[in-house]
Amino acid sequence: MKVARIAVVRGDGIANEVMPEAEETLKAAAEAASFPVDFEYFDWGSDRYLEQGRGMPEDGCDTLRAGFEAVFQGAIGDPRVPGSIVQEEVILGVRFGLDLYANIRPCRLYHEDLTPLKNKGAGEVDHVVVRENTEGLFVNVGGFFKQGTKDEVALQEEVHTYKGVERVIRASFDFARRHKRQKVTMADKASGLRYAGGIWRRVFDEVRADFEDIESEAKHIDAVAMEVIQHPGEFDVIVTNNMFGDILSDVTSGLVGGLGLAPSANVNLEGVSMFEPVHGTAPDIYGRGIANPMAAILTGALLLDHLGCGEGGAAIRRAVEEAIAHGERTADLGGKLTTKECGDAVRNRLK
Ligand code: ATP
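Quick note: the sequence shown uses the working numbering, first residue 41, plus one each step.
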């Protein structure tokens with residue numbers, strides 16, 4: 041069987057603590073599923089920036105495209121480098137360099153005591169937010185007029201292209217089909233935003249015609265934001281634009297235990313995709329060995345799913361769920377385990 045080549049960018053801060061646990065867990069699950077993987081390590085991040093003046097080499101994305109099936113990346117950023125220059129170089133460099141247009145964030149409840157919702161047990165919140173990752177309000181087209189006066193005007197334009205909308209909607213249906221999910225909800229604000237809503241509705245209708253096996257609906261984002269809290273079980277895959285997705289994915293992560301459990305994938309279905317936990321470098325706890333490795337571990341599960349090793353991904357999710365149920369948790373989830381002990385606990389349950 042062909043060996044899947046994975047580029048690992050460990051990153052900064054707690055990423056140095058959680059990523060080794062995630063790598064080891066991914067390897068163990070892949071091995072158990074007879075799915076050979078091989079890691080190559082890249083030193084991209086703040087230490088490299090401080091030593092060499094660049095967080096990653098200029099041709100870094102060419103290297104990724106040429107030699108790897110996927111990228112496994114930890115958080116980037118360091119208080120020794122003020123501003124966000126390294127994050128822009130590495131995170132945005134990889135996102136735009138590999139054209140990672142779909143940000144996929146699964147939200148699954150692993151235990152009833154992790155949710156602020158009443159009467160919801162493991163698996164009773166289980167949906168996926170797919171956020172458009174390359175355009176919308178984040179293209180930074182706009183400007184100031186009469187800046188610094190009381191008549192100042194700030195313009196922030198929203199950009200939606202046919203290509204950008206089509207590919208992210210298609211990616212959400214593709215994800216639904218591959219993961220045997222029943223329904224895709226497209227969330228927009230077509231009632232008030234004529235042009236942005238117009239293109240999203242038209243393209244959604246076009247794409248869903250190609251996926252008749254999957255139920256689909258178009259809803260307004262404000263209704264989705266309310267209903268996802270009132271009736272989380274009604275949702276499966278939710279696809280939305282960059283701005284709405286930014287907010288909605290944080291809301292839904294909050295329903296299932298927050299950053300310590302939130303994985304994400306940044307996908308380009310025609311190219312190389314990148315997998316990273318949602319959390320940052322957590323300078324407030326870095327160095328104490330108490331960070332929760334489960335978000336990174338669950339990110340490894342997403343990566344295995346994506347490479348076609350669904351058995352490995354499912355085994356990891358099962359092991360995490362069991363570990364949490366048995367109180368094998370780090371402090372953020374009310375437990376006492378260190379990062380390393382928590383990684384070991386998950387791996388023991390893989391066996
Ligand atoms: P950055 O500047 O890299 O974004 P941050 O601290 O602003 O770092 P996060 O790293 O996302 O943002 O952390 C937000 C809060 O959540 C912090 O209090 C942090 O300690 C906590 N946190 C984040 N990730 C984890 C984790 N894996 N385990 C435990 N706590 C975490």
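We put the CB at the ideal spot given by N, CA and C, even for glycine.
Computed from a predicted structure; not experimentally measured.
To the nearest angstrom, report how far apart residue i and residue j are at their CA atoms.
{"i": "A341", "j": "L301", "result": "12 Å"}
{"i": "V49", "j": "Y81", "result": "6 Å"}
{"i": "G176", "j": "N388", "result": "43 Å"}
{"i": "V43", "j": "L347", "result": "11 Å"}
{"i": "M266", "j": "V111", "result": "34 Å"}
{"i": "G285", "j": "L157", "result": "21 Å"}
{"i": "E129", "j": "D78", "result": "26 Å"}
{"i": "V179", "j": "V199", "result": "7 Å"}
{"i": "D214", "j": "T370", "result": "34 Å"}
{"i": "G350", "j": "V169", "result": "19 Å"}
{"i": "A305", "j": "D191", "result": "43 Å"}
{"i": "V126", "j": "T292", "result": "28 Å"}
{"i": "I364", "j": "H167", "result": "19 Å"}
{"i": "E255", "j": "R218", "result": "14 Å"}
{"i": "R171", "j": "S86", "result": "27 Å"}
{"i": "V264", "j": "L149", "result": "18 Å"}
{"i": "G311", "j": "G188", "result": "44 Å"}
{"i": "I325", "j": "I269", "result": "30 Å"}
{"i": "I261", "j": "M41", "result": "44 Å"}
{"i": "Y202", "j": "V247", "result": "12 Å"}
{"i": "G100", "j": "F136", "result": "12 Å"}
{"i": "S289", "j": "R207", "result": "19 Å"}
{"i": "K391", "j": "E381", "result": "16 Å"}
{"i": "E61", "j": "G383", "result": "5 Å"}
{"i": "F108", "j": "F184", "result": "42 Å"}
{"i": "E152", "j": "V58", "result": "24 Å"}
{"i": "G374", "j": "R328", "result": "16 Å"}
{"i": "A115", "j": "V134", "result": "13 Å"}
{"i": "V243", "j": "S313", "result": "24 Å"}
{"i": "L404", "j": "G161", "result": "Lying outside 41 to 391, the shown extent of the chain, residue 404 is not represented and no answer is given."}
{"i": "E361", "j": "L299", "result": "16 Å"}
{"i": "Q222", "j": "R145", "result": "17 Å"}
{"i": "D118", "j": "T321", "result": "8 Å"}
{"i": "A211", "j": "V205", "result": "10 Å"}
{"i": "D245", "j": "C147", "result": "26 Å"}
{"i": "H366", "j": "R358", "result": "12 Å"}
{"i": "D372", "j": "A335", "result": "12 Å"}
{"i": "G182", "j": "S124", "result": "21 Å"}
Assuming residue i contacts residue j under a Cβ cut-off of 8 Å, what Cβ separation, rounded to an integer in Å, is found between them?
{"i": "M226", "j": "A258", "result": "5 Å"}
{"i": "E368", "j": "G273", "result": "The Cβ separation is near 27 Å, so there is no contact."}
{"i": "G51", "j": "Q113", "result": "6 Å"}
{"i": "G352", "j": "A47", "result": "G352 to A47, Cβ: 18 Å. No contact."}
{"i": "P323", "j": "T379", "result": "Between T379 and P323 the Cβ distance is about 15 Å, and since that is not below 8 Å, they are no contact."}
{"i": "T339", "j": "P303", "result": "4 Å"}
{"i": "T155", "j": "V296", "result": "6 Å"}
{"i": "F121", "j": "L90", "result": "Rather than Phe, the amino acid found at residue 121 in this sequence is Val. About 7 Å; that satisfies the 8 Å criterion."}
{"i": "G237", "j": "K229", "result": "6 Å"}
{"i": "L104", "j": "L138", "result": "6 Å"}
{"i": "A385", "j": "A72", "result": "Rounded, the Cβ-Cβ distance is 17 Å, inconsistent with contact."}
Looking at the strands, I want to know which residues DSSP matches up with residue i.
{"i": "M41", "result": "Answer by DSSP bridge pairing: none, since M41 is not bridged."}
{"i": "R145", "result": "V169"}
{"i": "V49", "result": "F82, Q113"}
{"i": "T225", "result": "E257, I278"}
{"i": "V77", "result": "A44"}
{"i": "A194", "result": "F184"}
{"i": "V199", "result": "G176"}
Determine whether the Cβ of residue i lies closer than 9 Å to any Cβ atom of chain C.
{"i": "F213", "result": "Absent here is chain C; the protein component of the structure consists of one chain."}
**Message:** Which complete beta strand (DSSP E) runs does the stretch 227 to 312 hold, if anything under 3 residues is left out?
**Reply:** 255 to 260, 277 to 280, 303 to 307
**Asked** Which ranges does the alpha helix (DSSP H) cover as unbroken runs of at least 4 residues, wholly within the stretch 79 to 119, from first to last along the chain?
**Response** 86 to 92, 100 to 107
**Asked** What alpha helix (DSSP H) runs, 4 residues minimum, are completely inside the stretch 311 to 357?
**Response** 334 to 347
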